[in-house]
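Student: Handing you this structure, nothing more for now.
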Amino acid sequence: MRVAAFVTVVVVQLAFIGAGYSSDHKTFAFQMFPEASTWQADVVRVTDDGRRVPVSEPWAGYRWDALVPDSALTYPEVRHHADAGLDNQLAFLRSALNYVADHTPRDHETRYYEARVTSWHNDDPPRIEVFRSRVR
Amino acid sequence: MTVAVRAPSVVGRFDELLGRPVSMRSLALLRVLAGPIVLLHLWPFLSSDHIYRDAFYEPYAGWYPEFPRAVYIALLWMGAVAAVVMALGWFTRVATATTFAIVAYNLFLSTTHFHNNRAYLVIVLAVLAVAPCGRELSVDAWLRRRRGLPALSLTSPGWPLWLLRFECAAVYGASGMSKLLDPDWFGGTVPWMRVVQARDELPGWAPSLLTNRDFYTGAAKFIVLTELFIAVGLWSRRTRYAAIWVAVIFHVSIQLSANVQIFSVLGIAVLVIWAVPSTRDRVVVVDERWVALVRGLDWLARFRVQPGSRLELVDRDSTVLRGQPALLYLLSRLPLTAWFALPALLLPSVRRARRT
C-alpha cells in the first residue's frame, strides 16, 4: 500500500512534467522562464451591423481593463513578454475573449470579440493569428 | 523440519526503506518556516478589494465548488490563521491539513491562479500534512511536557521525507531539463533576449556586458547545468553540500532578477530536508557562555551541546576536531551560518584536521 502510494505520486509528478511539453498551462511541470517570446494583439468587438470597435473604448458601461485586470492581457495592444510562454499566454487570451463575451449582459450590440495577434516566438519571425470568442 | 526463508522481494525491500524510522526534525523545521511563507502567499489575496471572480478567471473544471463571496474571503482568513497555528505547532495535524486544503483549493479555483511557486507550496504542504511533524518545535510538544505526558517518538517512517526530496529534486530537474531540450534556451537565445528586453531596468554599467549575445552562448549552458547539478547533486552525500550552497545562490539570483513571488524563500526553506535525518549524533563542547546560543541556532538538532573549557567537536564517525576547524565545522552545520561556513571546509587546515 505504502509502495503503491509512493510510486503513484512519483509517476503522476513525472506525468505532469512530461505533459508540460505539450500543454498550454504546464501545470506542475515546473518549466521556469521558458521563453523570451513576445506578443501583441488588436482586440475588437464585432457588432451585429459589422462594425469593428477596439475594446480600448468603453462600451455599454464596460471597460476591458476592468474585465481583464492585473495581467499582460489588460493592455493587449502593447507588446508584452509572454512570461510563461506563448502557448500559455495566448490560451489565456482566448479564454479572456470568451469570458468577456459571457460576462457583458448589458451589451446588446456585440456579436463576438476578435483578437488579431502578432507573436514573436523568441527571435523567430512574427506570426499572425486571429482568435474569436464564441458568438453571443 | 526445515523452514524456507525467502529473500525479500524488490517491493518488500522498497517498502522497508519507505517504512524505516527516521528523524522528522527537518520536516518540523520546514513546518515552522512554511507558516510565514503561506502568509506571504496569501497576502495579495487577503489585501485585495476584489476576489478572483470579479474579473477574468478560468475554472479548471465546471464542477469545482465555488463559495459565496463572504465564505471565500473567510476561507482565506482561516487559511492565514491555520498557517500561523501550523507554524506554532498547536493542533499541528489539523492546522497543517487545513492550511494545505485552503491553499490547494485557492490554487485550483482558476488557471489564472497557477504559478510554479504556488504549486511547489501545495506539494510541500501536502507532505507536511501527512507527516508527523508536530512532535517537536511545537506548542503540542511543550503542552505534553507541561502535562507530564511522555514525549512522542521523534522518529517516524521516512516516506514523507523521501517523497518531498523527490519533489524538490524534480522542481530543479524539470526546469533544467526543459531548458536543456530547448535549442533556443541551451543556445543562449532565450536568456540573452530576456536581458535585452529588461535593458531599461539594468544598472548603467551593465548593458554592454550583459547584452552581449556571445556571452549567453556559455552562460545559458552554465545556468542549465547549474539547475541539473542541484537536482542530481542533492542525492549524494559527497555533493549535497555543494548542491545546497549553489541552490542558495541560484535562488537569491532569481529573487534579484525576476518576480517569482514566494519561490525563493520556499526553495531555500525546503533545502533543510536534505539534512541527514538523525539527530543529536554529534557532540560539541563549547564554553559555557556559548551553550545557549549554539543550542538556539541548532535548529536541526544535530549536536549534543556540552559545556567545557575548550571548543571540541566529535563527529558521527568519532573524528575529533578542535579549535578553528571545529568552529568552522560547527558553523557549517547550523542552518543560519551554513552557507557562509561551508566553503571554509575546503581550507587545507580543516581538511587536514578531518583526516587526522
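Chains A and B, in that order, are what the protein sequence lines are.
To convert a position in the first sequence, counted from 1, into our numbering, add 20.
To convert a position in the second sequence, counted from 1, into our numbering, add 1.
In this text, a Cβ means the ideal position worked out from N, Cα and C, and glycines have one as well.
All values reported here derive from a predicted model rather than from experimental measurement.
Kindly provide the ranges of any alpha helix (DSSP H) runs that are 4 or more residues long and lie completely inside the segment 74-120 of chain A, ordered along the chain.
Tutor: 84-87
Student: Enumerate in chain order the residues of its own chain whose CB-to-CB distance from residue 186 of chain B is below 8 Å, with the five nearest sequence positions on each side excluded.
Tutor: 179, 180, 192, 221 and 225
Student: Does chain A have any CB closer than 8 Å to the CB of residue 194 of chain B?
Tutor: Yes, contact with chain A.
Student: Can you check whether the C-beta of residue 115 of chain A is within less than 8 Å of a C-beta belonging to chain B?
Tutor: yes
Student: For residue 282 of chain B, which residues from the same chain have a beta carbon less than 7 Å from its beta carbon, with the 5 sequence-adjacent residues on both sides left out?
Tutor: Scanning its chain for C-beta atoms nearer than 7 Å, with the 5 sequence neighbours on each side dropped, one finds around residue 282 of chain B the residues 317, in chain order.
Student: If you follow the alpha helix (DSSP H) that residue 326 of chain B is part of, which residue opens it and which one closes it?
Tutor: 324-333
Student: Would you call the segment 106-114 of chain A in contact with the segment 87-97 of chain A, where contact means no fewer than 3 C-beta pairs closer than 8 Å?
Tutor: yes
Student: Opposite residue 314 of chain B in the DSSP bridges: which residues?
Tutor: B/285 and B/322
Student: Measuring alpha carbon to alpha carbon, tell me which of A/88, A/141 and A/64 ends up nearest residue 55 of chain A.
Tutor: A/141
Student: CB-CB under 6 Å to residue 305 of chain B, same chain, minus the five flanking residues each way: which ones, in chain order?
Tutor: 281 and 284
Student: Tell me whether the beta-carbon of residue 359 of chain B lies closer than 8 Å to the beta-carbon of residue 129 of chain B.
Tutor: Outside the shown range of chain B (2 to 357) lies residue 359 of chain B, about which nothing can therefore be said.
Student: Go through its chain and collect everything with a Cβ distance to residue 296 of chain B's Cβ below 7 Å, but skip five positions before and after it.
Tutor: In the same chain as residue 296 of chain B, and ignoring 5 residues on each side of it, the C-beta atoms closer than 7 Å to its own belong to 306, in chain order.
Student: Does any residue of chain A have a CB that is nearer than 8 Å to the CB of residue 216 of chain B?
Tutor: no
Student: Under 8 Å: do the segment 24-43 of chain B and the segment 125-139 of chain B share three or more Cβ pairs, one atom per stretch?
Tutor: yes
Student: Might you give, ordered along the chain, the residues of its own chain that have their beta carbon closer than 6 Å to the beta carbon of residue 334 of chain B, omitting 5 neighbours on each side?
Tutor: 303
Student: What residue range does the alpha helix (DSSP H) around residue 358 of chain B cover?
Tutor: An answer regarding residue 358 of chain B cannot be provided, because it is not within the stretch 2 to 357 covered by chain B.
Student: Nearest-angstrom Cα distance between residue 289 of chain B and residue 149 of chain B?
Tutor: Their backbone Cα atoms lie some 29 Å apart in a straight line.
Student: Counting only C-beta atoms, is residue 12 of chain B closer than 8 Å to chain A at any point?
Tutor: yes
Student: Write down every uninterrupted run of the beta strand (DSSP E) in the segment 185-271 of chain B whose length is 3 residues or greater and which is fully enclosed by it, in chain order.
Tutor: none
Student: Do residue 115 of chain B and residue 100 of chain A have their C-beta atoms within less than 8 Å of each other?
Tutor: no
Student: Taking the straight line between their C-alpha atoms, what separation do you get for residue 1 of chain B and residue 28 of chain A?
Tutor: Examination of residue 1 of chain B is not possible in this model, given that chain B is present from 2 through 357 alone.
Student: Please report the distance separating the alpha-carbon of residue 132 of chain A from that of residue 68 of chain A.
Tutor: 9 Å
Student: For residue 71 of chain A and residue 202 of chain B, what's the separation of their Cα atoms in angstroms?
Tutor: 41 Å
Student: For residue 61 of chain A, write down the residues that DSSP places opposite it in a beta bridge.
Tutor: Partner(s): A/137.
Student: Going along chain B, which residues have a C-beta under 8 Å from residue 33 of chain A?
Tutor: 167, 168 and 171
Student: Mapping the DSSP letters down to three states, classify residue 33 of chain A as helix, strand or coil.
Tutor: helix
Student: From which residue to which residue does the alpha helix (DSSP H) around residue 15 of chain B run?
Tutor: 11-20
Student: Along chain B, in chain order, which residues have C-beta atoms closer than 7 Å to that of residue 82 of chain A?
Tutor: Here the premise fails: no neighbours, minimum Cβ distance about 11 Å.
Student: With 8 Å as the threshold, decide whether the Cβ of residue 138 of chain A is near any Cβ in chain B.
Tutor: no
Student: Find the nearest neighbour of residue 196 of chain B within the set B/212, B/45 and B/204, judged by alpha-carbon distance.
Tutor: Nearest of B/212, B/45 and B/204 to residue 196 of chain B, Cα basis: B/212.
Student: If you measure between the beta carbons of residue 273 of chain B and residue 38 of chain B, is that distance less than 8 Å?
Tutor: Not a contact, by the Cβ cut-off of 8 Å.
Student: Checking 8 Å against the spacing of the C-beta atoms, do residue 40 of chain B and residue 83 of chain B come in under that value?
Tutor: no
Student: Taking C-alpha atoms, which residue in B/262, B/172, B/189 and B/67 lies nearest to residue 229 of chain B?
Tutor: B/172
Student: Using 8 Å as the limit for Cβ to Cβ distance, is residue 87 of chain A near chain B?
Tutor: yes
Student: Are the Cβ atoms of residue 354 of chain B and residue 308 of chain B separated by less than 8 Å?
Tutor: no
Student: Compute the minimum distance between the beta carbon of residue 261 of chain B and the heavy atoms of the ligand FAD, and state whether it is under 7 Å.
Tutor: This structure lacks the ligand FAD, and indeed carries no ligand of any kind.
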